[in-house]
Amino acid sequence: MADNRHKVVKHFRFTETEAKTLRKFAKMYGMTDSDYMRFLLSQKPEDYPEIRQMLSELINEVNHIGNNINQIARKNNAGFYKRDDMESLRSYMRKLILSVREVEKKIGSNKGS
């Protein structure tokens with residue numbers, strides 16, 4: 422049977438702010454600083470359900486926008502292009518950009534937290 426006790430000791434240097442942040446998050450999850458550091462090391466991005474949910478929503482939004490863009494392209498190719506269609510396309514692109522930025526902001530806020 423493997424010995425799973427933690428035998429290796431590492432010493433890290435933190436700024437006061439970093440140490441407070443580490444302590445805050447460890448305490449929030451009911452862990453020691455060491456336990457929280459081990460938890461962070463064992464995690465992968467796909468382990469976070471919030472990120473999976475945000476990415477799923479973003480993919481759905483991109484699919485819907487893609488369908489709308491295809492409809493506009495078909496109308497344009499058939500000679501039914503209208504100025505309103507171009508405005509719709511711009512609106513969808515703005516919505517896509519905002520959705521991507523929102524996800525980036527939320528995911529970015531988890532980095533180093």
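For the sequence shown, position 28 (counting from the first letter as 1) is numbered 449 according to this note's numbering, and the numbering increases by one without interruption. We put the CB at the ideal spot given by N, CA and C, even for glycine. Being a predicted model, the structure only gives us computed values, none of them experimental.
query: Residue ranges of each alpha helix (DSSP H) run of no fewer than 4 residues wholly in the region 430–476, ordered along the chain?; result: 437–449, 454–463
query: Decide if Y457 is buried, meaning its Cβ has at least 16 other Cβ atoms within 10 Å, or exposed.; result: buried
query: Between L462, L510, D505, which lies nearest to H485 when the distance is taken from Cα to Cα?; result: L510
query: How many angstroms separate the CA atom of R444 from the CA atom of L479?; result: 33 Å
query: Alpha carbons only, please: which of R504, A494, D454 is nearest the one belonging to K431?; result: D454
query: Looking at the structure shown, is K532 part of a helix, part of a strand, or coil, going by DSSP?; result: Only weak support exists for where K532 lies, its pLDDT of 45 falling under 50; the coordinates are left without a value.
query: Report the rounded CA-to-CA distance for K503 versus N497, giving the unit in angstroms.; result: 8 Å
query: For K546, name the three-state secondary structure that DSSP assigns.; result: No statement about residue 546 is possible, as the shown extent of the chain runs from 422 to 534 and does not include it.
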